Amino acid sequence: MGGTTQSNTSAILEAILESPRDIVILALDREYRYLAFNDAHRKTIKQIWNVDIHVGLNMVYEVIGRSDDRDRAKRNFDRALAGEHFVVIEEYGDEKLSRRYYENVYSPIIDADGAVIGLTVFLTDITEQKRAQEQLEQYRLRLESLVADRTAALGRSEALYRTLVLNAPVAVIVHRDGKILFVNPAAVTLCAESSEKRLVGRSIVDLVSASVALHAGAAGERPERVEVTLRRRDGTRADVEWTSIAVDFDGAPATFSLAVDVSERKRMEHERRRLEEQMRHTQKLKSLGVLAGGIAHDFNNLLVGILGNADLVIRALELSAIPESARVQLERIKVSAIRAAELTRRMLAYSGKGTFVVRPLDLNGLTREMVDLLNVSLSKSATLVLELAADLPLLEGDATQIRQVVMNLVTNAADAIGDAAGTVTVRTSVIEAGRDLRGALYIADSLVPGSYVCLEVSDTGSGMDEATRSRIFDPFFTTKEKGRGLGLAAVLGIVRSHGGALALETRPGRGSRFRVLFPRAERPVHEPLSAPEMFAWRTTGTVVIADDEPRVREVLRMMLEDIGFRVLEAENAKRCLEVYRAHRDEVSLIMVDLMMPGGGGREVVSTLRADGERVPIVISSGYDERTMSSELRGDALLAFLEKPFDFDTFARTLRSLLDVAQMSRASQTAAAGRSAAQPPV
Numbered sequence: 051m052g053g054t055t056q057s058n059t060s061a062i063l064e065a066i067l068e069s070p071r072d073i074v075i076l077a078l079d080r081e082y083r084y085l086a087f088n089d090a091h092r093k094t095i096k097q098i099w100n101v102d103i104h105v106g107l108n109m110v111y112e113v114i115g116r117s118d119d120r121d122r123a124k125r126n127f128d129r130a131l132a133g134e135h136f137v138v139i140e141e142y143g144d145e146k147l148s149r150r151y152y153e154n155v156y157s158p159i160i161d162a163d164g165a166v167i168g169l170t171v172f173l174t175d176i177t178e179q180k181r182a183q184e185q186l187e188q189y190r191l192r193l194e195s196l197v198a199d200r201t202a203a204l205g206r207s208e209a210l211y212r213t214l215v216l217n218a219p220v221a222v223i224v225h226r227d228g229k230i231l232f233v234n235p236a237a238v239t240l241c242a243e244s245s246e247k248r249l250v251g252r253s254i255v256d257l258v259s260a261s262v263a264l265h266a267g268a269a270g271e272r273p274e275r276v277e278v279t280l281r282r283r284d285g286t287r288a289d290v291e292w293t294s295i296a297v298d299f300d301g302a303p304a305t306f307s308l309a310v311d312v313s314e315r316k317r318m319e320h321e322r323r324r325l326e327e328q329m330r331h332t333q334k335l336k337s338l339g340v341l342a343g344g345i346a347h348d349f350n351n352l353l354v355g356i357l358g359n360a361d362l363v364i365r366a367l368e369l370s371a372i373p374e375s376a377r378v379q380l381e382r383i384k385v386s387a388i389r390a391a392e393l394t395r396r397m398l399a400y401s402g403k404g405t406f407v408v409r410p411l412d413l414n415g416l417t418r419e420m421v422d423l424l425n426v427s428l429s430k431s432a433t434l435v436l437e438l439a440a441d442l443p444l445l446e447g448d449a450t451q452i453r454q455v456v457m458n459l460v461t462n463a464a465d466a467i468g469d470a471a472g473t474v475t476v477r478t479s480v481i482e483a484g485r486d487l488r489g490a491l492y493i494a495d496s497l498v499p500g501s502y503v504c505l506e507v508s509d510t511g512s513g514m515d516e517a518t519r520s521r522i523f524d525p526f527f528t529t530k531e532k533g534r535g536l537g538l539a540a541v542l543g544i545v546r547s548h549g550g551a552l553a554l555e556t557r558p559g560r561g562s563r564f565r566v567l568f569p570r571a572e573r574p575v576h577e578p579l580s581a582p583e584m585f586a587w588r589t590t591g592t593v594v595i596a597d598d599e600p601r602v603r604e605v606l607r608m609m610l611e612d613i614g615f616r617v618l619e620a621e622n623a624k625r626c627l628e629v630y631r632a633h634r635d636e637v638s639l640i641m642v643d644l645m646m647p648g649g650g651g652r653e654v655v656s657t658l659r660a661d662g663e664r665v666p667i668v669i670s671s672g673y674d675e676r677t678m679s680s681e682l683r684g685d686a687l688l689a690f691l692e693k694p695f696d697f698d699t700f701a702r703t704l705r706s707l708l709d710v711a712q713m714s715r716a717s718q719t720a721a722a723g724r725s726a727a728q729p730p731v
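Set out below in structure tokens:
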């Protein structure tokens, strides 16, 4: 039952792990065993320790070769497992090989119950930066030495000084009283100029702020380092590490400044923080989705009993003289159970496994049908505007859930406007999109660049700040006094289930624009066939039912016996197979829950089909039919029954499957007869 979420979430997490090329990422459990890592980490370990790593391998005791490295790593891992977030700079590698330096960010992995279940490490290779800093320090020391010895060896020092400065990999700028006197080629490159002449003679304030220039001009004999923004000639800016020291230049006091471009390092730091936040958000969505799906599944099992028992009593009342008032009360129980089932569908929508009746849909027509209902959600001073694209292609989806997306987004827009005058615009279009969708908050792992049907809902309301934007899809988060915080959470779950994408662009005071992308339909619309009335169906035979919930087995047994079947019960897949094999010649049909402890419907079907058994099988589940694997969905003697179900749906599903099985047997018998009638060649 949780396979789809875990598969989708695993695919999402894998994409996150492999997206940064320059950051090493790994995750360990409490025993220091690998849970996950990216390719950069695998290559690094292979380079340093010559070990081929895999999930489950113990990093401390099976990977790290040096005892001092091993002890240091274990200490840091234990700090993270104790719940601490921290950053350290470490070096790794064999003395015979080149050592590598890393800036490591350690964080605990915390589950939904608040327990630390492992740790993550983000490692940024700063070896080149550290070597550059060491080289810079060497230059600085040598330059200081040259300045100190200028009187004794002026000629030789001047020549060496110029050689070093002109070939230095960092920008060198000499200035006096705010005027630039000398620059090296690296400074020309950093400032995006064409030659040294275009910099010499200009004011230092053209490059950095007046306060930085004033501070640099007052530098003493000890280097002073600050981080500043440098203005380039082409209008761009660069983050630089600016170091100044007082020197003599051409016989007079001046300031010697070194500028190191750290823009890329800051970008990588920002990317690392973004990835950490994205992983935390993904973990939170996964935990909440699993929780919602589990609750909905258990609730659906209870509703099977309520609906089944209510239908059985109603059927009994139809054959007796019990007052009509009792029947009415039972109908109310059934209606209440159906409404409760709607609540479980909302919970499953958030978990990404909601119920689907998937078919091609006309988004324009669906939106027009809802206009009156949408207008009710707006205040009298707000206006609803429809901008529906002509010749809009059909989308592939569930009509009820798509209506819920439209309704929830318009309601959210109406709440943002409140009682003020404003406009809510619903727009449809076809857009070309990919994984670089602007403002994307969620993109399905299956989404590939291409053409998608787009639903856009924008408003002229209050907009959102970043804190609100980051939480709007969390269940139960709301900024409204009487809100429940489930509307946008359901939207996210529905989009996830449909394999689409969701984007939001908003600014405080500037309104919001939601865009939802749905896959285009690839097949024509077919009108659903009207279902025959099956309530009075009676037959005979033997049915094996397998479900781990005794209450579910009990109501299934009573419903089957009411139809006329003899019932054999099993509590798991193993027992189901044993019962079937013991009564093979008597069994007309097997009914089994999709997921049970120790195995469920998948195991029963695969085992029996591998044995050549063609017995009809009904698989039931609180999730929709898409949770079955493709090989199960292609089995003609297999039917799916979604929980909760009423007696009519139950009986109709069984009869339809038994009819298919009967036709299949008749076809095989006829084929065998024709084969026997063929004369020998």
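The sequence shown maps to residues 51 to 731 in my numbering. Just so it is clear, CB atoms sit at the ideal spot from N, CA and C, and this is done for glycine as well. None of these values were measured; they are calculated from a predicted model.
Among the options, the one whose alpha carbon lies nearest that of residue i
i, options, result
"residue 669", "509, 660, 663 and 655", "655"
"residue 506", "513, 413, 512 and 559", "413"
"residue 73", "97, 119, 154 and 141", "154"
"residue 605", "700, 686 and 659", "700"
"residue 510", "182, 463, 478 and 313", "463"
"residue 317", "508, 174, 503 and 88", "174"
"residue 565", "620, 459 and 636", "459"
"residue 445", "539, 696, 411 and 665", "411"
Rounded straight-line distance, which links the Cα of residue j to that of residue i
i, j, result
"residue 642", "residue 609", "15 Å"
"residue 102", "residue 111", "14 Å"
"residue 325", "residue 315", "15 Å"
"residue 409", "residue 487", "26 Å"
"residue 514", "residue 356", "44 Å"
"residue 451", "residue 96", "49 Å"
"residue 548", "residue 571", "12 Å"
"residue 544", "residue 611", "38 Å"
"residue 476", "residue 467", "15 Å"
"residue 714", "residue 165", "54 Å"
"residue 75", "residue 327", "14 Å"
"residue 122", "residue 179", "22 Å"
"residue 630", "residue 659", "13 Å"
"residue 137", "residue 518", "28 Å"
"residue 92", "residue 285", "41 Å"
"residue 747", "residue 419", "Within the shown structure, residues of the chain are numbered from 51 to 731, placing residue 747 beyond reach of any answer."
"residue 693", "residue 672", "5 Å"
"residue 603", "residue 617", "10 Å"
"residue 712", "residue 666", "10 Å"
"residue 225", "residue 254", "7 Å"
Residue j beta carbon less than 8 Å from that of residue i
i, j, result
"residue 258", "residue 278", "yes"
"residue 417", "residue 478", "yes"
"residue 304", "residue 292", "no"
"residue 710", "residue 640", "no"
"residue 796", "residue 168", "The chain is shown only over 51 to 731; residue 796 falls outside these bounds and no answer can be derived."
"residue 288", "residue 256", "no"
"residue 152", "residue 134", "no"
"residue 607", "residue 619", "yes"
"residue 299", "residue 231", "yes"
Buried/exposed call for residue i, threshold 16 Cβ in 10 Å
i, result
"residue 229", "exposed"
"residue 717", "exposed"
"residue 569", "buried"
"residue 100", "exposed"
"residue 185", "exposed"
"residue 596", "buried"
"residue 576", "Confidence at residue 576 is low in this model, with a pLDDT of 44, below 50, so its placement is unreliable and the value that follows should be read with caution. Its Cβ having fewer than 16 others within 10 Å, residue 576 is exposed."
"residue 441", "exposed"
"residue 423", "exposed"
"residue 546", "buried"
"residue 448", "buried"
"residue 689", "buried"
"residue 176", "buried"
"residue 240", "buried"
"residue 481", "exposed"
Problem - beta strand (DSSP E) runs contained entirely in the stretch 444 to 491, provided each spans 3 or more residues - result: 445 to 448 and 472 to 483
Within the stretch 633 to 678, note down every full beta strand (DSSP E) run reaching 3 residues or more, in order along the chain.
637 to 643 and 667 to 671
Item checked: Any alpha helix (DSSP H) of 4 or more consecutive residues that is wholly inside the stretch 215 to 247 -> 235 to 240
message = Could you tell me which whole beta strand (DSSP E) segments of length 3 or greater appear in the stretch 113 to 191?
response = 136 to 142, 150 to 160 and 166 to 175
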